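Novice:
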Amino acid sequence: MIAQGIAIIGGILAVGLFLGWLSFRIKRFKAIPFVVGILLLLWGAYLIFDFISVL
């Protein structure tokens, strides 16, 4: 159960970082992946603190 939570949080953070990186690599529509990536990173940070508080 704990490993699944860590894997989900890691996946969310990885997708957020990937979208943030992708927004600097593409020429058009830079804001869309950047905003989605930042939102995913914020959600991942929230889940980390929520996960720690449950333990």
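With the first letter of the sequence shown counted as 1, position 41 gets the number 110 in the working numbering; the numbers rise by one all the way through.
Ideal Cβ positions, reconstructed from N, Cα and C, are used throughout, including at glycine.
Owing to the predicted nature of the structure, the values given are computational and were not obtained by experimental measurement.
1. Return the chain-ordered list of same chain residues with a C-beta closer than 7 angstroms to the C-beta of Trp112, the five sequence neighbours on each side being excluded.
2. Buried or exposed, going by whether 16 or more other CB atoms sit within 10 Å of the CB of Leu88?
3. What does the Cβ neighbour count give for Leu109, buried or exposed, with the cut at 16 atoms within 10 Å?
4. What residues in its chain sit with their C-beta under 8 angstroms from that of Pro102, if we drop five residues either side in the sequence?
Specialist: The short version:
1. The answer, listed in chain order, is Ile81.
2. With 16 or more Cβ atoms within 10 Å of its Cβ, Leu88 is classed as buried.
3. The residue is buried, with at least 16 neighbouring Cβ atoms inside 10 Å.
4. Non-local beta-carbon contacts of Pro102 in its own chain, meaning distances under 8 angstroms to residues more than five positions away in sequence, involve Leu88, Gly89, Leu91, Ser92, Ile95 in chain order.
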